[in-house]
Structures are given as structure tokens and as C-alpha cells.
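So the structure is just underneath, and the comments pick up after that.
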Amino acid sequence: MASRTRALNMTEGVIWKQLASFAFPMMLTNLLQQLYNTADTLVVGRFVGHTALAAVGGTGTIIFLIVGFFAGLAAGAGVVISQYYGAGNKEKLQDAVHTAIALALVFGVFLGILGYLLTPAMLRLIQTPDDVMADATLYLRISFGGMVCGTVYNLGAGILRAVGDSKRPLYFLMISGLINVILNLILVLVFKLGVAGVAIATIVSQLLSSIMILVTLSRTKEAYHFSFKKLRLNPSMLRRIVRLGFPAGIQSMAFSVSNIIIQSQINVFGSDAMAGQSAGQQIVNYVYMPLMALSLTITTFVGQNVGAGKWDRVKQGTRVCMIMSAAVTLFMSALAVIFREFLVSLYTTEASVLPYGMLTVLVSGAAYITYVPTDVLAGVIRGSGNTLIPMIITLTSICLLRIVWLLIAIPIWHSYLVVVLCYPITWAVASICYIIYYFRGKWQRDMA
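Going by this note's numbering, the sequence shown opens with residue 302, and the numbers climb by one from there.
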């Protein structure tokens, strides 16, 4: 393999140092991404109103439903690229990179058109209140208009992470995110565009980040170099990516469907509950960011080491990652729960909204430790090339169980608390399933 000045070879060296050095930039990336999302909700919540906050925060599940399948395909592409990179197979790596970028362009355009057309129907499906409907429709349709920018950036950043480079996606996000915040303030406070201004700012920043990613990949001299002249969907590589990514895509969509059902139950309690849940979820997302970074890190780590045939190192890395994830998640959870009233009040000062946000943080934030085995072990199993089992476990122990919980519990105890309790209950069940499957060891024999 050529010089790896930017990329990180995870098949050698001290494991905890490699995991930390790769995960830390990703944690900062996630932090910045969440800060920019927070800026969106803070601006509309403080300067537009709680219905605008509900519109921006309450539509996230719909956006992820549309992009969820592509997110799964992108995950499959990342596994393929990390394995070819670990094995030193330059030719296959080139095919994988160009097929992945082509896939991002095609799906970005398709998902944008689909989301734009289905926006009204999806908002009615989740029982969006009348006082939120207009803003939610406007915000979603503008967001879907720039969908291709997001798919290209996320796939391109995934390529860099798959070869061990987690720093440059951070730098790009710093630049584009700063533009997003500045545009938010200008378009909302100066031009009074409301939720439309927030959506436009997001699209512009994503366009900038996608351009930076493509320029970086096209200028690199490494084996993962991208050239527009080679851009095409290689049939055999596409089949491999789809074979690994399809289960993850179905899993993401199913996850989104269950979250949409949850959101529809929250919406029944009105715009105050929607706004409170939006604020609370923003805070809970900060608890999840380090865990998400470590989960993506262990996927890359496992992918490279599987490609190099180093299974003992895979198991060692799994143990180290589990310990690191548990420690940082407990720390973040404690901060969120202790300071929940102050944190929620940053988003809104309306007395009718605050209790919903504080309850969301208390229930979900305190229980996030139960989700650690799920995220870490799912990353390990995917990195080994097995994406079917994570799909099955997620569909049954999280998605299906959430629906069953809501169908049984809500008619008996019709309260907001019962709705948000479905998160920790399903996290715990999923983690138990992942632990049992991991220690059975079958995921090693199922390597792609």
C-alpha cells in the first residue's frame, strides 16, 4: 500500500491508542454536527416560536426514514472499503470507491424527489398538529431539495473513515457548520425567513461540505483516489455493497418507522409535547455522540483487521471499545441528567414545554448505558461483513418491541412518560440479544 500519511492502519499498534486517536476526531465531528443542529433549534425556538421548534424537531424522523435505506448502503460500502484497504487490494478498492460515489449521486437525487412528493402524506401520517403543519411542510420540502448534497458528503466522509482518516471530515464540518450557523442567524433574524431560512442554511452548508469531500478524494495520491472519469456503477461491486448494505438499509428504515410511530404518539399530546421532546432529544443526542463515534470506530477497526486476517486483534479491540464506550456514556449521562433543567431552558423558556423536555432527558439520558452493548457489538458484527444479524436483532428487539409496547401500554396508561419509556426498554432487550449472539461466536464463521 502506498504512503498512509493521512489514513490510519489499524492492523498494528496499541489498540486503545488507535481507537482513541480515530474516535476522538469523530467525537468532535459529532459534537460539531450536533451543535449545528442545536443552532437550528435554538434559533427557531428562541426567535420564531415553539411551533417552529416543533416543526424543525418533529420532522427529523421523516427525514431519516427517507435517507435510512441509503444510510445502510453507505454502511455496506464502508465495510467493503475498509476490508479491501486492510487487505491492500488497490484494484478492488478503486472499484468500491467509484461505485460508492456514483451510488450517492443516484440515490441523493432519487430520495430528494421522493421526499419532496411524499412530504404532506408523511406529515399527516404522524398526526402533525394543524398549528405546525405549514412550517413542517416548508422545512421538509426545502430540506429534501438539497438531499443529494448530504448523501455525497456522508458517503465521502465514510470512505475517509473506512481507510482510517477521521480528521478531515472534522475539518470540513467545522467550516461548513460555521457557515450554517452564520446563515441561520442572517436568514432568520435579518431576512425573517423562519424555518425556511434554517433549511436553506443547512442545504448551503451541506453543498460546501460535499464539494470539499470530492475535491479531497480527487486530489489524494492514495489508493482510494477518486476520479470523475472513472465514476460508474461497477455491477459486481454494486452487488457486494448492496449485499452488505441492504440489511443495514432495511434496519435503518425499520428503526425510522418505529420512531415515526413514537413521534405520532408524542404528537397526540400537542405542540408543547413536540417542542419539549425536540429540545430533550437534542440534549440526549449529546449523550449518544461519543458512543456513536466509538461504534463507527470499531466497525473500521474490525473491517481492516478482518481484511488482514487478525481475528485475535478483533476480539481484543472489542473488549477495549466496550470499556471505553461504557465509561464515556456514563459520564455524559450524568451531566445530562444533573443539568437537565438548565439545558432544556436553553431551547425554550415556555413553562408548558419545559416538563416534556426534562422528562425526555431524565428517562432516555439516564438509561443510555443499556444501549452500549448494542452499538458496539453491532459495529463489530458489521465490520466482520455480517449485516444480516444486526438487522434481525434490531427489527425484533427494538422496532417490533417498540410497536408492541405502544399498542399495549398507551391504551392502558395514556401518558407521555409511557411513550418515552419504550426507548430504554428496547435498548436493554437489544443489548441482551447482541451479547448472546456475540459470545456464541457465529458472526466470525459468517464473515463475508
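Using N, Cα and C, we set each Cβ at its ideal position, and we do this for glycine too.
Identity of the residue in the options nearest residue i by Cα
i, options, result
"Thr727", "Gly413, Ile704, Ile711, Lys393", "Ile704"
"Gln428", "Ile563, Thr312, Arg520", "Ile563"
"Ile367", "Gly416, Leu336, Ile711", "Gly416"
"Ile639", "Ala355, Ile584, Glu523", "Ile584"
"Arg804", "Ser557, Asp431, Val380, Leu494", "Given a span of 302 to 749 for the chain in the structure shown, any question on residue 804 remains unanswerable."
"Val730", "Leu412, Thr675, Gly446", "Thr675"
"Ala549", "Gln578, Val345, Ala375", "Ala375"
"Leu419", "Gly684, Asp396, Leu441, Phe408", "Leu441"
"Asn687", "Ser698, Ala435, Tyr717, Lys743", "Lys743"
"Leu701", "Thr360, Asn331, Ser557", "Ser557"
"Ser559", "Val315, Val720, Gly358", "Val720"
"Gln552", "Ile736, Ala372, Ser477, Leu708", "Ala372"
"Thr330", "Ser477, Ile713, Asn606", "Ser477"
"Arg544", "Leu461, Ser565, Met692", "Met692"
"Arg347", "Leu461, Val681, Ala405, Glu651", "Glu651"
"Leu644", "Leu631, Phe632, Ala627, Leu663", "Leu663"
"Val516", "Gly457, Leu696, Gly358, Arg462", "Gly457"
Assigned secondary structure, residue i (DSSP; H/G/I helix, E/B strand, else coil)
i, result
"Phe325", "helix"
"Ala810", "Nothing about residue 810 can be read from this structure; the chain reaches only from 302 to 749."
"Glu243", "In this structure the chain extends from 302 to 749, so residue 243 is not present and cannot be described."
"Val463", "What sits at residue 463 in the sequence shown is Ala, not Val. DSSP places Ala463 in helix when its eight states are reduced to three."
"Leu311", "Looking at the sequence itself, residue 311 is Met, so the reference to Leu does not match. Here Met311 sits in coil by DSSP."
"Val407", "helix"
"Lys611", "coil"
"Thr521", "coil"
"Gln582", "helix"
"Ala340", "helix"
"Leu332", "helix"
"Phe527", "coil"
"Gln319", "helix"
"Lys779", "The shown model of the chain, from 302 to 749, leaves out residue 779, and the question about it has no answer."
"Gly447", "coil"
"Tyr669", "helix"
"Ala652", "coil"
"Val663", "With the sequence shown as reference, residue 663 is identified as Leu, and Val is not the correct amino acid for it. If DSSP states are grouped into helix, strand and coil, Leu663 belongs with the helices."
"Gly684", "helix"
"Met302", "Confidence at Met302 is low in this model, with a pLDDT of 37, below 50, so its placement is unreliable and no value can be given for it."
"Asn455", "helix"
"His351", "helix"
"Arg533", "coil"
"Ile736", "helix"
"Ser511", "helix"
"Leu647", "coil"
"Ile561", "helix"
"Trp714", "coil"
CB contact flag (residue i, residue j, <8 Å)
i, j, result
"Ala637", "Met328", "no"
"Ile514", "Tyr454", "yes"
"Leu354", "Thr649", "yes"
"Ile402", "Phe547", "no"
"Ala580", "Asn485", "no"
"Ser653", "Asp573", "yes"
"Ser685", "Val603", "yes"
"Val629", "Pro591", "yes"
"Met554", "Phe370", "yes"
"Thr619", "Ser383", "no"
"Tyr738", "Ile694", "yes"
"Leu677", "Val489", "Note that residue 677 corresponds to Val in the displayed sequence, not to Leu. In this structure, Val489 does not lie closer than 8 Å to Val677 by Cβ."
"Ala397", "Ala378", "yes"
"Asn481", "Ala500", "no"
"Phe570", "Tyr717", "yes"
"Met448", "Gly413", "yes"
"Gly608", "Gly658", "no"
Sequence-distant residues of its chain with Cβ nearer than 6 Å to residue i (five each side left out)
i, result
"Leu508", "Cys450"
"Tyr724", "Ser665"
"Asp436", "Ala353, Ala356, Val496"
"Thr598", "Leu320, Phe323, Ala324"
"Ser511", "Cys450, Val453, Tyr454"
"Val433", "Thr352, Ala355, Ala356, Ser572"
"Ile733", "none"
"Ala749", "The predicted position of Ala749 is uncertain, since its pLDDT is 44 and thus under 50; a value taken from the coordinates is nonetheless stated next. Around Ala749: Gly686."
Test: residue i CB closer than 8 Å to a CB of chain D
i, result
"Phe348", "The question asks about chain D, but that chain is absent: this structure has only one protein chain."
Beta-carbon contacts of residue i that lie in its chain and below 8 Å, excluding the five residues immediately before and after
i, result
"His399", "Phe527, Ser528, Lys531, Leu532, Arg533, Asn535"
"Glu313", "none"
"Pro326", "Ser467, Lys468, Pro470, Leu471"
"Met475", "Leu333"
"Leu394", "Ile382, Tyr385, Tyr386, Ala524, Tyr525"
Sequence-distant residues of the same chain with beta carbon closer than 7 Å to residue i, five excluded per side
i, result
"Tyr589", "Tyr669"
"Ser634", "Val588, Gly666, Ala667, Tyr669, Ile670"
"Glu392", "none"
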